[in-house]
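Trainee: One structure, as structure tokens, below. Some questions next.
Protein chains: 2
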Amino acid sequence: MPRTGRRPGAGGTREQILAAARSHFAEAGFDNATIRGIAAAAGVDPALVLHYYGSKEGVFRAAVNVPIEPGEFLPRLLEEGLDGLGERLVRFFVTTWDSPAGSPLLGVIRSVVTSETAAALLRDFVSREILSRLAEGLELDRPQLRASLAASQLIGLAMLRYVVRVEPLASAPPADVAAWLGPTLQRYFTDPAAGAAADPT
Amino acid sequence: MPRTGRRPGAGGTREQILAAARSHFAEAGFDNATIRGIAAAAGVDPALVLHYYGSKEGVFRAAVNVPIEPGEFLPRLLEEGLDGLGERLVRFFVTTWDSPAGSPLLGVIRSVVTSETAAALLRDFVSREILSRLAEGLELDRPQLRASLAASQLIGLAMLRYVVRVEPLASAPPADVAAWLGPTLQRYFTDPAAGAAADPT
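What follows is the structure in structure tokens.
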């Protein structure tokens, strides 16, 4: 795929491309962003960007610095159907945070709350890569709403368990956490009321 | 209460006291921290600390920079009893964030995820001022766990609605948000299963 004869550059080039990608994605939005635009901003050949990151999605994921691949794990979680999905998702989420992938995730949260650019990138990432996939997989009414409700419970768990570390949540076994939070996500996915509008106050 | 004849100093003195208080609380923990210790660290008279902040709790709240007074709002939310508490809490939470108090809260979240000291302070604050009061008010088994589960859903809502601003959560009316999330908190407060341990994986 790479057409230049260049050898992979030093880490500096990669970092330069990612910095350019962050600005470009934040300004243009994912849909309008192009490999060519990123390369121009970084002052490198477009082929080099593709060589390092394979695709626009690849650069995006690296720019957002999310160490997981929703296109991989979501289909696996969804293939067993809606039944028990809430608990499977919570369990996967906690296991991932407890694994070596956890520290970079902490970095993602840090950058999101301190940088508007990072927040915009993650908003795009969450909407495109996670919520839309869930929405497709679930075939429910108001899937985007249901998925974002589920995401709110998961991100809050991450904040209290891994960032602020409030007990007893911080040291509870993953299975307990899944048992407590699983039904919440399940309700967001399946309860007809969760999709309906509330009393108009 | 202040015994010195000193006039309230410039903002610099207050900031100096708060900076000293943050270090002192983070090192000593709330219970062992003293007005005397904070004053010594700030190089001021203990009476001045009391003059500005009234009590150890007062300095603490100012140091944590939380613009709300749990001792005030929690009793009000709890006095109507457990029935509908989840929805009342969510509604109060969203209304507070949507009010002028919201921007400082964003600052609290920022400092918590970027500073271990701030995280330790907030952990103390949340445990002492919010979870314990809820726990007392609720008179349920495992109140600390139930309250921290509820807090995890609320903080996640804040992250998605106010920090990352994911739609449709970001612009949903408070009443809708309360209708969606209220039952979650209610379940954490009341469901016997939420307090029980899960299958031992």
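Chain order of the listed sequences is A and B. All residue numbers for the first sequence refer to this note's numbering, where the first residue is 1 and numbers rise by one. All residue numbers for the second sequence refer to this note's numbering, where the first residue is 1001 and numbers rise by one. Backbone N, C-alpha and C fix where the C-beta goes; we use that ideal spot for every residue, glycine too.
Does any residue of chain B have a CB that is nearer than 8 Å to the CB of Trp97 (chain A)?
Mentor: no
Trainee: Which residues, taken in chain order from the segment 113–127 of chain A, show a beta carbon closer than 7 Å to some beta carbon of chain B?
Mentor: Val113, Thr114, Ala119, Leu122, Arg123, Val126 and Ser127
Trainee: What residues in the segment 125–145 of chain A have a beta carbon less than 9 Å from any beta carbon of chain B?
Mentor: Val126, Ser127, Leu131, Arg142, Gln144 and Leu145
Trainee: Inspect the CB distances between the segment 170–177 of chain A and the segment 1017–1035 of chain B and report whether three or more fall short of 8 Å.
Mentor: no
Trainee: On the premise that Phe1189 (chain B) lies in contact with Gly1086 (chain B), defined as a C-beta separation below 8 Å, what is that separation, rounded to the nearest angstrom?
Mentor: 6 Å
Trainee: Hey, does Glu1064 (chain B) have any beta-carbon neighbour from chain A nearer than 8 Å?
Mentor: Looking at the sequence itself, residue 1064 (chain B) is Val, so the reference to Glu does not match. No, Val1064 (chain B) lies away from the interface with chain A (no Cβ there is under 8 Å from its Cβ).
Trainee: Where does Asp1031 (chain B) land, buried or exposed, given buried means 16+ other C-beta within 10 angstroms?
Mentor: exposed
Trainee: Please state whether DSSP places Ile1068 (chain B) in a helix, a strand or coil.
Mentor: In this structure, Ile1068 (chain B) counts as coil in the three-state DSSP scheme.
Trainee: Nearest CA to the CA of Arg1133 (chain B): which residue from B:Gln1153, B:His1024 and B:Glu1072?
Mentor: B:Glu1072
Trainee: Taking the alpha-carbon of Gly1081 (chain B) as reference, which of B:Leu1140, B:Arg1161 and B:Gly1037 has the nearest alpha-carbon?
Mentor: B:Leu1140
Trainee: Is DSSP giving Val1090 (chain B) helix, strand or coil here?
Mentor: helix
Trainee: Quick check: is the beta carbon of Pro192 (chain A) nearer than 8 Å to any beta carbon in chain D?
Mentor: No chain D appears in this structure, whose protein chains are A and B.
Trainee: Cutting at 8 Å between CB atoms, please list the residues of its own chain near Met1159 (chain B), excluding the five before and the five after it.
Mentor: Ile1109
Trainee: Which chain B residues sit within Cβ distance under 9 Å of Pro168 (chain A)?
Mentor: Neighbours of Pro168 (chain A) on chain B, chain order: Arg1142, Gln1144, Leu1145 and Ser1148.
Trainee: Might you give, ordered along the chain, the residues of its own chain that have their beta carbon closer than 7 Å to the beta carbon of Arg1091 (chain B), omitting 5 neighbours on each side?
Mentor: Pro1174 and Ala1178
Trainee: Do Thr184 (chain A) and Thr1184 (chain B) have their C-beta atoms closer together than 8 Å?
Mentor: yes
Trainee: Return the CA-CA distance between Ala1120 (chain B) and Ser127 (chain A), expressed in angstroms with no decimal places.
Mentor: 32 Å
Trainee: Give every residue of the same chain whose Cβ lies closer than 7 Å to the Cβ of Lys1056 (chain B), excluding the five residues on either side of it in the sequence, and list them in chain order.
Mentor: Ala1033 and Ile1035
Trainee: I need the DSSP call for Arg166 (chain A), collapsed to helix, strand or coil.
Mentor: Looking at the sequence provided, one finds Val at residue 166 (chain A) rather than Arg. Coil.
Trainee: Give the DSSP-derived three-state secondary structure of Ser148 (chain A) in the structure shown.
Mentor: helix
Trainee: When you compare only the Cα positions, how much space is there between Ser1099 (chain B) and Leu1106 (chain B)?
Mentor: 12 Å
Trainee: Compute every distance between the C-beta of Gly81 (chain A) and the non-hydrogen atoms of the ligand NAD, then say whether any falls below 7 Å.
Mentor: Among the components modelled here there is no ligand, and therefore nothing to report on the ligand NAD.
Trainee: Within 10 angstroms of the Cβ of Gly156 (chain A), are there 16 or more other Cβ atoms? Answer buried if so, exposed if not.
Mentor: buried
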